[in-house]
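In the numbering used here, the protein residues as written are 7 to 89.
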């Protein structure tokens, strides 16, 4: 598709696989992060909607990787603060 913009459904699947892989590699259950995933995926989807498809996918993958790592750290910090 010449000139297409934004993400396709297969891109969302790959984003979910990457997100789950990062969460799993930290020894956590990806199911515990599902609501966070949905919110982040929706935000990212909207942020890259105007980019050409390939650029949108590349940027979305970087964003979801950063987001997954951030959420892991955030939850650990909160857990440590709460004792």
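C-beta atoms are modelled at their ideal positions from N, C-alpha and C, and glycine is treated no differently.
These figures come from a predicted structure and were not determined experimentally.
Quick check: the Cα distance between residue i and residue j, rounded to an integer number of angstroms?
{"i": "residue 12", "j": "residue 89", "result": "42 Å"}
{"i": "residue 51", "j": "residue 66", "result": "7 Å"}
{"i": "residue 38", "j": "residue 56", "result": "31 Å"}
Could you pull out every residue in the same chain whose Cβ sits closer than 6 Å to the Cβ of residue i, ignoring the five residues on either side in sequence?
{"i": "residue 86", "result": "none"}
{"i": "residue 7", "result": "Residue placement at residue 7 is flagged as unreliable, the pLDDT there being 49, under the threshold of 50; the coordinate-derived value follows with that caveat. So no residue of the chain qualifies."}
Can you tell me the Cβ-Cβ gap for residue i and residue j, rounded? I've got them flagged as a contact below 8 Å.
{"i": "residue 47", "j": "residue 18", "result": "6 Å"}
{"i": "residue 45", "j": "residue 78", "result": "That pair is no contact at about 15 Å."}
Can you list, in chain order, the residues of its chain whose CB lies under 7 Å from that of residue i, leaving out five sequence neighbours each side?
{"i": "residue 71", "result": "24 and 28"}
{"i": "residue 63", "result": "13 and 17"}
Go to residue i, then tell me how far its alpha helix (DSSP H) extends in each direction, as first and last residue.
{"i": "residue 39", "result": "Residue 39 -> no alpha helix (DSSP H), and no H or E assigned at all."}
{"i": "residue 84", "result": "59 to 88"}
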